[in-house]
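Participant: Here it is, the structure in full.
There are 2 protein chains.
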Amino acid sequence: MSSSKVTIKDIAKSLGISIATVSRALNGSPEIHPDTRERVLSVAKALHYKPNVQARNLLKRRNNMIGVVVPEFITFFFPEIIIGIQEVVNEEGYQVLICQSNESSDLERKNIEMLEASMVEGLIVSVTKESKNIDLYERLIEEQMPIVFVNRVFPQLHANQVIIDDRKWAFKAVEHLIKCGYKRIAHLAGNEHLSITKERLHGYLDALQTYHVPVQESLIMYVGVQQDRAKIGVDYLLSLKEKPDAIFAVNDPIATGCVLELKRRGFSIPEDIAVVGFSESPIGKILGLTSVSQPTFEMGRIAARTLLNQMRNYAIPVETITLDAKLNIRSSSLPLKKKH
Amino acid sequence: MSSSKVTIKDIAKSLGISIATVSRALNGSPEIHPDTRERVLSVAKALHYKPNVQARNLLKRRNNMIGVVVPEFITFFFPEIIIGIQEVVNEEGYQVLICQSNESSDLERKNIEMLEASMVEGLIVSVTKESKNIDLYERLIEEQMPIVFVNRVFPQLHANQVIIDDRKWAFKAVEHLIKCGYKRIAHLAGNEHLSITKERLHGYLDALQTYHVPVQESLIMYVGVQQDRAKIGVDYLLSLKEKPDAIFAVNDPIATGCVLELKRRGFSIPEDIAVVGFSESPIGKILGLTSVSQPTFEMGRIAARTLLNQMRNYAIPVETITLDAKLNIRSSSLPLKKKH
DNA sequence: CTGAAAGCGCTAACAT
DNA sequence: ATGTTAGCGCTTTCAG
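Listed below in structure tokens is the structure:
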């Protein structure tokens, strides 16, 4: 009934002592008589006293909140990162305000401004597929807002980043296809301005070059990162005179979309066309998709630790943390039987 | 650089006016001279003034935050509900603190206590598979904390609920199997104390009874709600002398697990065994799983609206809102060819 | 060991 | 239309 309207003043009154003493007792200050402490604590419990965090925050000029902005949290990827983040920061007494920008830079901006208004003490961000809002982040950094980018980053920003070596792992994925004997390897790339798009495209080109496979512009198409965008890629690739015998997709949603569309059209995978994804997903695993798995939980944990460090000492140098990954080979890409 | 340490006092000083006037100008009070308002606003902008929400909250005794606790947010289901919630409450100026209990009642309790300490103004909860902590929620309700349960509820609690009619839709799912001609329909149920487990089991029994299909205890097994739990169910059902010809699973993760395990063992679906799920998932759709689809986003929106109503007026009566659902028939359950 | 008092940043009477 | 003042609930000097 009283519903936490009890303040230290009430405790003080009920005990005939000053609020300062109550405060000290409650905060376990050493300079207080054990008896007094006892009495305060018992009255506090009896009255169902709950400290008013707001007041304390106002005084201390902090609020123990950090903000997280991700492009979406419908697929497993960002939720896993978020769980990693929460694991670490909750342990340190911080709360997380989670926002999803739904891949829209406008909403992303609104989210960030909302979080600023809520006075979060730090931010962990993965940017939208549009990768706009650089000005926003530049301002944040200039104003010394602790901030860490994860997975989808702005390389040109002087900010903390937690990523994997997308270029290297894209290289490995394509190298695997080449070693399987595939000759015409297409690449369905993500949104043009996205960091992961560029890196993975780079890795793709690196691999072709390393193994002296001629690059064909016609086998590269920017389709985006969402599953429903795969169809136009497949439509296009199958419309070519010389069709590809393998597809390296920018991520698992696109690869998944490819598999479904190819199967719908009656193609066998990998016999007719092999498919390789990136950022291994549960669906991809079920479909037998070869893919690069990322340490999502760990990315979250490390991003959180990096952020906390920066919050405690803004002066520490900015760093890019590159985590390890793994290429898991499954049935969507198998060594070709025929000689080459 | 100044990093938002600017207060209304600074603005007042810089303009030689009182802080009250500044406050009024900033808050768009009508009783202020337009010129003054102009000058305040421009100085505020020049100084990069940001209001201190903490102070305002302290004064108004609120903090515009609501808490959400879900058992997990790795699968699409709860994230979609959360998006629905955020849509509504953000619009009204509220922030959402999202916690996941990882299906553990202990963590659930910690989360709730954390949210209480953060002084959230209301809660939206979906309980863990363990369905404990009733005492906790009873206390919360007694202390007049506005609270709405979604999907996984405590029927015995006098609290707002947003659900679908699990019993009815389970009935429809099983009825569909019966009409397809399946004779030995097994049920892999969820965790025993979970509300959805009981309701869906009820619906299963209702359907058998309605169509005069004898209930066989041996065809019912409580396996839980997580995909990896499906295997023991399949192991058990296939160990029976008289094997089932269809499985009604408590949810899509279990149904998915069944499909994968059955296929691994070389069974054809639905020829050898049909499988039907519940709470249609993206993976289920890809696997061609017949399932009941729930209006997740809408559940979130409605839960949020209900909560806001209760927050604004605690006196309004508690209600159980039952949303519509839909049975989507796919290839995992097809009419049997053979005569019966 | 305890109390008095100042103040975190802001709003809202109450004056003028 | 503007200023003065009193807090919101709490912590923290500064005095005893």
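Chains as they are written, first to last, in the working numbering: chain A, 896 to 1235; chain B, 896 to 1235. Idealized CB from N, CA, C, for every residue including glycine.
Return the chain-ordered ranges of every beta strand (DSSP E) run that is complete within the segment 1136-1194 of chain B and spans a minimum of 3 residues.
Facilitator: 1141-1144, 1169-1171, 1186-1188
Participant: What does the alpha-carbon distance come out to for the pair B:Ala-1220 and B:Ser-1188?
Facilitator: 6 Å
Participant: Can you tell me whether B:Thr-1215 is buried or exposed? The criterion is at least 16 other CB atoms within 10 Å of its CB, across all chains shown.
Facilitator: B:Thr-1215 should be labelled exposed.
Participant: What does A:Lys-995 touch in chain B if you count any residue whose Cβ is under 9 Å from its own?
Facilitator: Just to set this straight, residue 995 of chain A is Gln in the shown sequence, not Lys. Here the neighbours are Pro-974, Ile-977, Ile-978, Gln-981.
Participant: What's the call for A:Gly-911, buried or exposed, on a 16-neighbour Cβ count within 10 Å?
Facilitator: Per the 10 Å Cβ criterion, exposed.
Participant: With H, G and I counted as helix, E and B as strand and the rest as coil, what does DSSP make of A:Asn-1223?
Facilitator: strand
Participant: Would you check if there are 3 or more beta carbon pairs closer than 8 Å linking the segment 1053-1071 of chain B to the segment 1092-1100 of chain B?
Facilitator: yes
Participant: Taking DSSP as the reference, what is the three-state secondary structure of B:Val-1057?
Facilitator: strand
Participant: For a contact meaning CB atoms closer than 7 Å, what does B:Asn-958 contact in chain A?
Facilitator: Gln-949
Participant: Give a yes or no on whether the minimum CB-CB distance between A:Lys-955 and chain B is below 7 Å.
Facilitator: No - not a single Cβ of chain B is within 7 Å of the one on A:Lys-955.
Participant: I'd like to know if the segment 1040-1049 of chain B and the segment 1073-1085 of chain B are in contact, where contact means that at least 3 CB-CB pairs between them fall below 8 Å.
Facilitator: no
Participant: Would you please state the rounded distance, in angstroms, between the beta carbons of A:Ile-961 and A:Tyr-989? I believe it to be under 8 Å.
Facilitator: 6 Å
Participant: Pull up the distance between the alpha-carbon of B:Met-896 and that of A:Gln-1039, whole angstroms please.
Facilitator: Any reading at B:Met-896 must be qualified, since the residue scores a pLDDT of 39, below 50, and its modelled position is unreliable; no value is offered.
Participant: Are the CB atoms of B:Leu-1002 and B:Tyr-1032 nearer to each other than 7 Å?
Facilitator: no
Participant: I want to see whether chain B comes within less than 7 Å of A:Phe-1192, judged by CB atoms only; does it?
Facilitator: no
Participant: Can you tell me whether B:Arg-956 is buried or exposed, with buried defined as 16 or more other CB within 10 angstroms of its CB?
Facilitator: Residue burial is scored here from C-beta neighbours: B:Arg-956 has fewer than 16 other C-beta atoms within 10 angstroms and is therefore classed as exposed.
Participant: Where do the ends of the alpha helix (DSSP H) carrying B:Gly-979 lie?
Facilitator: Here the alpha helix (DSSP H) through B:Gly-979 covers 972-986.
Participant: Quick one: which residues of the segment 1113-1127 of chain B get their C-beta closer than 9 Å to a C-beta of chain A? List them in chain order.
Facilitator: Gln-1122
Participant: Per the DSSP calculation, B:Tyr-1117 is bridged to which residue(s)?
Facilitator: According to DSSP, B:Tyr-1117 bridges with B:Ala-1084.
Participant: Does DSSP put A:Ile-903 in a helix, a strand or coil?
Facilitator: helix
Participant: Ignore the nearest five residues each way along the sequence and tell me which others in A:Gly-1152's own chain have a CB closer than 6 Å to its CB.
Facilitator: Hits under 6 Å: Gln-1122, Ala-1125.
Participant: Could you give the first and the last residue of the continuous beta strand (DSSP E) run that contains B:Leu-992?
Facilitator: That run of the beta strand (DSSP E) goes 990-995.
Participant: How about A:Lys-1179 and A:Gly-1172: are their beta carbons less than 7 Å apart?
Facilitator: Here the sequence assigns Gly to residue 1179 of chain A, which means Lys is not the residue at that position. Taking 7 Å as the Cβ cut-off, A:Gly-1179 and A:Gly-1172 qualify as a contacting pair.
Participant: Measuring alpha carbon to alpha carbon, tell me which residue in A:Pro-929, A:Ala-939, A:Pro-1165 is nearest A:Ile-903.
Facilitator: Distance from the Cα of A:Ile-903 is smallest, within the candidate group A:Pro-929, A:Ala-939, A:Pro-1165, for A:Ala-939.
Participant: Between A:Thr-1105 and A:Lys-1067, what straight-line distance do the alpha-carbon atoms span, to the nearest angstrom?
Facilitator: 11 Å
Participant: Using a 10 Å radius around the Cβ and a threshold of 16 neighbouring Cβ atoms, would you call A:Pro-1165 buried or exposed?
Facilitator: buried
Participant: What residue does the beta strand (DSSP E) around B:Gly-962 start on, and which one ends it?
Facilitator: From DSSP, the beta strand (DSSP E) with B:Gly-962 extends over 960-965.
Participant: Looking at chain A, is there any beta carbon in it that lies within less than 7 Å of the beta carbon of B:Met-1206?
Facilitator: no
Participant: Please confirm if B:Asn-952 has its CB atom under 7 Å from at least one CB of chain A.
Facilitator: yes
Participant: At 7 Å on the CB atoms, spell out the chain A contacts of B:Val-914, in chain order.
Facilitator: The sequence shown places Ile at residue 914 of chain B, not Val. Ordered by position in chain A, no residue passes the 7 Å Cβ test against B:Ile-914, which lies about 16 Å from the chain.
Participant: Tell me whether the beta-carbon of B:Val-991 lies closer than 7 Å to the beta-carbon of B:Val-1022.
Facilitator: no
Participant: Anything in chain A within Cβ reach of B:Ala-1012, meaning under 9 Å, just list it in chain order.
Facilitator: Lys-945, Pro-946, Val-948
Participant: Could you check if B:His-1235 is buried or exposed, using at least 16 other CB atoms within 10 Å of its CB as the buried criterion?
Facilitator: Low per-residue confidence applies at B:His-1235: pLDDT is 45, beneath 50, and the placement is therefore not dependable enough to give any value.
Participant: For A:Ile-1211, count the other beta carbons within 10 Å of its own beta carbon; 16 or more makes it buried, fewer makes it exposed. Which is it?
Facilitator: exposed
Participant: Could you give the residue range of the beta strand (DSSP E) that holds B:Val-1020?
Facilitator: 1017-1020
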